[in-house]
Amino acid sequence: MSVGRKVRKFFRYLIPTLAVLLIAPFMERSRTERVDFEPFNFGDIKCAIAIREHDDTTTALLTDFSFDLIKAYARDAGFKADIVLERWGENYIDSLHAGIVDMIILPSEQDSLSGLALSSPIEGLSFGVLENKSAGVMQVDSWLSEFMTSASYPAVRRRFFITSSPFKRASSGETYKIATPYDDLLKKCAASIGWDWRMMAALIWQESKFKIQVRSRRGAMGLMQMMPATATKMGCENIIDPEECILTGTRYLDRLQNLFRKYAANQLELEKITLAAYNAGEGRIRDCINFASTVGADYSTWDGIASVIPQMREESILEVDTVKLGIFKGIETIAYVDAVQDLYKAYCQIAPSSGTTTATTTAGAQSAPDQS
């Protein structure tokens with residue numbers, strides 16, 4: 009074999025070997041990176057809204073907006089999101105690192121965000137995921153670019169930048185196409201129980217000022233400030249979800265007004281009595297009706313029922329057999345019914361058209377109270 013042929017043969021075997029030796033490390037590195045890089049999983053995810061300390065509700069309902077934003081993104085992306093709110097003392101950035109939650113919404117500008125990938129900002133907020141799931145952020149950014157340039161976005165934004173009280177807005181003398189963040193849902197729910205939707209709007213403003221993050225000292229939660237046990241009993245799975253909370257609250261209002269319908273003189277009085285029961289509990293209002301019957305007072309109107317409440321603050325009420333729950337001060341409940349009625353008048357000025365059919369004026373003939 010000639011020297012030339014030997015050289016050519018040598019390089020013929022050498023070059024592939026060198027190629028393997030040189031390229032293999034890069035291939036291994038690429039393979040390793042692909043294993044480490046875990047794209048965002050569009051299955052059911054848990055998402056936390058971590059903006060509590062930055063949510064200035066004097067300028068916008070950012071927590072409500074964040075909830076609505078996540079639901080819209082989840083709906084369009086085809087997955088189900090379990091949404092939780094950050095509470096005092098909790099750090100959902102740590103929870104994200106620990107794998108307790110999959111995604112968070114947080115203020116766009118924050119310190120100590122190492123290890124996180126953030127989406128482009130929207131209203132000062134960003135979606136955040138772990139860096140090794142940054143494909144999720146790319147997908148969020150793609151969705152946000154379409155969402156923010158859509159024809160519907162300005163109306164979505166206006167819903168959650170309503171911060172003035174109904175009284176302040178009513179005093180301006182102007183009317184508004186958007187009275188609350190949830191007008192359409194309120195109209196639907198109120199119509200189902202024969203209420204004017206603006207009365208339900210008044211109730212929710214009194215309870216929470218339309219802030220889904222509000223939690224009372226007694227533990228009531230959500231827009232309609234229901235106790236979790238009551239909400240669960242009424243079929244609610246996530247009390248902070250505005251839609252679920254309003255639907256559940258509507259069912260509860262319907263239950264209450266059905267309990268007191270036979271006593272009320274008309275629909276207006278039934279609504280007032282129902283509001284009182286929503287605030288004080290059905291047992292307390294039943295006690296008031298029973299006592300009003302005992303002393304010969306009018307128990308078909310709220311004013312008649314309220315007129316006997318001062319007597320229910322006395323220890324002598326403990327001796328009345330038809331009063332089951334004892335002393336009832338009722339000051340808060342009387343003020344509550346008055347406040348909701350005043351708010352309702354303000355909402356009628358803000359949104360003169362009720363958007364629903366007029367409720368019937370007669371609730372039913374007055375019946376003797378059930379004293380069982």
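End of the sequence shown = 380 in the numbering used here, gap-free, step of one.
For each residue, glycine too, the CB sits at the ideal point set by N, CA and C.
Exposed or buried, which one is residue i when buried takes at least 16 other CB atoms within 10 Å?
i: Met146; result: exposed
i: Pro377; result: buried
i: Leu231; result: buried
i: Ile342; result: buried
i: Trp310; result: buried
i: Val303; result: exposed
i: Asp350; result: exposed
i: Pro129; result: exposed
i: Asp64; result: exposed
i: Glu322; result: exposed
i: Leu152; result: buried
i: Arg42; result: Residue confidence is low: Arg42 scores 30 on pLDDT, short of 50, so the model does not pin down where it sits. No coordinate-derived value is stated.
Considering residue i, what are the terminal residues of the alpha helix (DSSP H) in which it resides?
i: Ile335; result: Unbroken run through Ile335: none, as it is neither H nor E.
i: Ser315; result: 310-315
i: Lys196; result: 191-200
i: Cys55; result: From DSSP, Cys55 is part of no alpha helix (DSSP H) but of the beta strand (DSSP E) over 53-57.
i: Asp76; result: 70-85
i: Glu154; result: 143-156
i: Asn287; result: 275-288
i: Lys176; result: 174-179
Using the Cα positions of residue i and residue j, report the straight-line distance between them to the nearest angstrom.
i: Glu94; j: Asp84; result: 24 Å
i: Leu30; j: Asn140; result: For Leu30, the pLDDT reaches just 40, beneath the cut-off of 50, and the residue's location in the model is therefore unreliable, although a value from the coordinates is still provided. Taking the straight line from one Cα to the other gives about 27 Å.
i: Ser142; j: Cys244; result: 34 Å
i: Arg37; j: Glu131; result: The pLDDT assigned to Arg37 is 32, lower than 50, so where the model puts this residue is not dependable; a value taken from the coordinates is nonetheless given after this. Arg37 and Glu131: Cα-Cα distance of roughly 39 Å.
i: Pro318; j: Glu154; result: 60 Å
i: Pro182; j: Lys176; result: The displayed chain sequence assigns Glu, not Pro, to residue 182. About 10 Å.
i: Asp72; j: Val328; result: 47 Å
i: Ile78; j: Leu69; result: 14 Å
i: Glu290; j: Ser361; result: 32 Å
i: Ser103; j: Val222; result: 22 Å
i: Trp213; j: Ser172; result: 11 Å
i: Ser301; j: Gly202; result: 27 Å
i: Asp76; j: Val164; result: 9 Å
i: Arg294; j: Leu211; result: 21 Å
i: Phe48; j: Tyr81; result: Any reading at Phe48 is ruled out, since the residue's pLDDT is 47, under 50, leaving its predicted position unreliable.
i: Thr66; j: Arg226; result: 25 Å
i: Glu340; j: Leu138; result: 48 Å
i: Asp306; j: Ile313; result: 7 Å
Is it the case that the Cβ atoms of residue i and residue j are separated by a distance below 7 Å?
i: Ala58; j: Leu114; result: yes
i: Ile91; j: Cys55; result: yes
i: Val220; j: Pro250; result: It is worth fixing the name first, because residue 220 is Ile in this sequence and not Val. A contact, by the Cβ cut-off of 7 Å.
i: Ala237; j: Ile358; result: no
i: Val348; j: Leu255; result: no
i: Arg259; j: Met242; result: yes
i: Ile248; j: Ala239; result: no
i: Tyr355; j: Asn287; result: no
i: Ala207; j: Tyr352; result: A quick correction: the sequence has Met, not Ala, at residue 207. Yes. Within cutoff.
i: Lys88; j: Asp52; result: yes
i: Phe169; j: Pro189; result: no
i: Leu278; j: Arg292; result: no
i: Asp281; j: Ala272; result: Correcting the residue type first, residue 281 is Ile in the shown sequence and not Asp. Cβ atoms of Ile281 and Ala272: closer than 7 Å.
i: Ile112; j: Gly136; result: yes
i: Ile325; j: Val331; result: yes
i: Leu264; j: Ala285; result: yes
i: Gln233; j: Glu215; result: yes
Would you mind reading off the limits of the beta strand (DSSP E) that contains residue i?
i: Ala125; result: 124-126
i: Ala384; result: Because the chain spans 9 through 380 in this model, residue 384 falls outside it and cannot be assessed.
i: Ala305; result: Run containing Ala305: none; DSSP gives neither H nor E here.
i: Ile113; result: 111-115
What does DSSP give as the partner residue(s) for residue i in the beta ladder?
i: Ile130; result: Leu133
i: Arg223; result: Met229
i: Met208; result: Paired residue(s): none; Met208 is not in a bridge.
i: Met234; result: Met229
i: Leu138; result: Leu124
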